[in-house]
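J.:
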């Protein structure tokens, strides 16, 4: 059995995520409490109290990464270990923490800046394209200035991003080409598009001051779906990821080729589990969203061995 840990990205966030970890594990609690020291933002107010800021990318990124790392603190104590890991966009930072490449404080500090830089770029749109091949989508999008493929999520679901006008034009052409539906997404920016290149460039300067350590657990990079074992590849991957396509479907397939037969999604929701099932129905997929899930998932994995 080979196990992969998966971490969701923006869009999965919800109020009170990680609260059961905060209440039941001292090390998890310390992660949430440390956010204010690192960023000046109170993670408990942000996540555990009702407010609109949780859905603003400026703050979502801090909240999601802190929650994922807090969950890992508790999970690590059980002996449940990953052979490899990956995250969806923002979730790649939790994967990098798990890999040993960046520490907890740096992960939170980086995404604090990442969220700020991305939120400063106004305008743009994103749409999910259903039931059309990746090849057809890319061919159409490549011919439209100001539009890019943002996410290859799973068979039958691809996301496009760019200027509002270009995404609308692409949507019409994709429907003409046979897309079942093109659904506009409620987002605050044109993520993973060329419009975000400036944010990526600024992030590169932040990463220059971060100590990236040797990788203990390999991770699969969003930008190219390649298994990364060399720390020298990380900075370039993270810069390109801001404006480049997220190759999630290809990343899952790469891990399955590598021998992974069991996936554990760590974080709020079951979005990635749904994608994995559509990519390969034969692999096992588990979710850890609440503190109580840890024991249950560990037992199920032990039984499956």
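Numbering (the numbering used here), first residue to last: 42 to 346. Glycine residues also receive a C-beta, built at the ideal position from the N, C-alpha and C atoms.
(1) State buried or exposed for residue 224, treating a residue as buried only when at least 16 other CB atoms are found within 10 Å of its CB.
(2) Mapping DSSP to helix, strand and coil, what is residue 131?
(3) Of the residues 190, 247, 55, which one's Cα is nearest the Cα of residue 158?
(4) Out of 319, 243, 318, 297, which one is the CA nearest neighbour of residue 282?
(5) Going straight from the alpha carbon of residue 138 to that of residue 197, what length do you get?
(6) Suppose you measure from the CA of residue 134 to the CA of residue 152; what does that come to, to the nearest Å?
(7) For residue 206, does the three-state DSSP call read helix, strand or coil?
(8) Once the 5 residues before and after residue 264 are set aside, which same chain residues still bring their CB inside 6 Å of it?
(9) With burial defined as no fewer than 16 other Cβ atoms inside 10 Å of the residue's Cβ, what is the status of residue 306: buried or exposed?
(10) Spatial neighbours of residue 315 within its chain, please: CB distance less than 8 Å, with the 5 preceding and 5 following residues excluded, ordered by chain position.
(11) Please report the distance separating the alpha-carbon of residue 328 from that of residue 313.
(12) Please report the Cβ distance between residue 205 and residue 164, rounded to the nearest whole angstrom; I am assuming they are in contact, meaning their Cβ atoms lie under 8 Å.
(13) Should residue 228 and residue 130 be called a contact, given that it needs their Cβ atoms to be closer than 7 Å?
(14) Where do the ends of the alpha helix (DSSP H) carrying residue 79 lie?
(15) Given a cut-off of 7 Å, decide if residue 124 and residue 178 are closer than it, judged by their beta-carbon atoms.
(16) Here's the rule I'm using: 16 or more other beta-carbon atoms within 10 Å means buried, otherwise exposed. How should residue 295 be labelled?
(17) Look up residue 47 in the DSSP assignment and say whether it is helix, strand or coil.
(18) When the Cα atoms are used, what is the spatial distance from residue 50 to residue 217?
(19) Would you list the one or two residues that DSSP bridges to residue 325?
(20) What are the partner residues of residue 190, as DSSP defines its beta bridges?
(21) Can you find the residues in the same chain that come closer than 8 Å, C-beta to C-beta, to residue 160, ignoring five residues on each side of it along the sequence?
(22) In angstroms, rounded to a whole number, what distance separates the CA positions of residue 331 and residue 304?
(23) Report the residue from 120, 54, 68 whose alpha carbon sits nearest the alpha carbon of residue 93.
(24) Please report the residue range of the alpha helix (DSSP H) in which residue 247 lies.
T.: If we stick to the structure as given:
(1) Position 183 of the chain shown, counting from 1, holds the residue named residue 224. By the 10 Å Cβ count, residue 224 comes out exposed.
(2) Position 90 of the chain shown, counting from 1, holds the residue named residue 131. DSSP places residue 131 in helix when its eight states are reduced to three.
(3) Position 117 of the chain shown holds residue 158. The option with the nearest alpha carbon to residue 158 is 247.
(4) Numbered from 1 along the chain shown, position 241 holds the residue referred to as residue 282. Looking at the Cα atoms, 243 is the closest of the given residues.
(5) Position 97 of the chain shown, counted from the first residue, corresponds to residue 138. Position 156 of the chain shown, counted from the first residue, corresponds to residue 197. About 31 Å.
(6) Within the chain shown, the letter at position 93 stands for residue 134. Within the chain shown, the letter at position 111 stands for residue 152. When rounded, the distance between both Cα atoms is 8 Å.
(7) Here residue 206 is taken as the residue at index 165 of the chain shown, counted from 1. Helix, per DSSP.
(8) Position 223 of the chain shown, counted from the first residue, corresponds to residue 264. Counting only Cβ-Cβ distances below 6 Å, and skipping sequence neighbours, we find 278, 281, 282, 285.
(9) Working through the chain shown from its first residue, we reach residue 306 at position 265. By the neighbour-count rule (16 or more Cβ atoms within 10 Å), residue 306 is buried.
(10) What you label residue 315 is simply residue 274 of the chain shown in a count that begins at 1. Hits under 8 Å: 195.
(11) For the purposes of this step, residue 328 is taken as the residue at position 287 of the chain shown. For the purposes of this step, residue 313 is taken as the residue at position 272 of the chain shown. Computed Cα separation, rounded: 9 Å.
(12) Numbered from 1 along the chain shown, position 164 holds the residue referred to as residue 205. Numbered from 1 along the chain shown, position 123 holds the residue referred to as residue 164. Confirmed, Cβ separation roughly 7 Å.
(13) Mapped onto the chain shown, residue 228 falls at position 187. Mapped onto the chain shown, residue 130 falls at position 89. Contact: no.
(14) Here residue 79 refers to the residue found at position 38 when the chain shown is read from its first residue. From DSSP, the alpha helix (DSSP H) with residue 79 extends over 67 to 80.
(15) Sequence index remark: in the chain shown, residue 178 carries index 137 (1-based). Sequence index remark: in the chain shown, residue 124 carries index 83 (1-based). Contact flag unset, no.
(16) Translated into the one-based positions of the chain shown, residue 295 becomes position 254. It is buried - the Cβ of residue 295 has at least 16 other Cβ atoms within 10 Å.
(17) Indexing the chain shown from 1 puts residue 47 at position 6. The answer is strand: DSSP assigns residue 47 an E or B state.
(18) In the chain shown, residue 50 corresponds to position 9, counting from 1. In the chain shown, residue 217 corresponds to position 176, counting from 1. Roughly 30 Å between the two C-alpha positions.
(19) The count along the chain shown starts at 1 and reaches residue 325 at position 284. Looking at the DSSP assignment, residue 325 forms a beta bridge with 303.
(20) Here residue 190 is taken as the residue at index 149 of the chain shown, counted from 1. The partner list for residue 190 (beta bridge, DSSP) reads 201.
(21) In the chain shown, the residue the question calls residue 160 occupies position 119. Around residue 160: 97, 98, 99, 229, 230.
(22) In the chain shown, the residue the question calls residue 331 occupies position 290. In the chain shown, the residue the question calls residue 304 occupies position 263. Their Cα atoms are separated by approximately 17 Å.
(23) Reading the chain shown from its first residue, position 52 is the one you call residue 93. Closest by alpha carbon: 54.
(24) Position 206 of the chain shown, counting from 1, holds the residue named residue 247. Here the alpha helix (DSSP H) through residue 247 covers 238 to 248.
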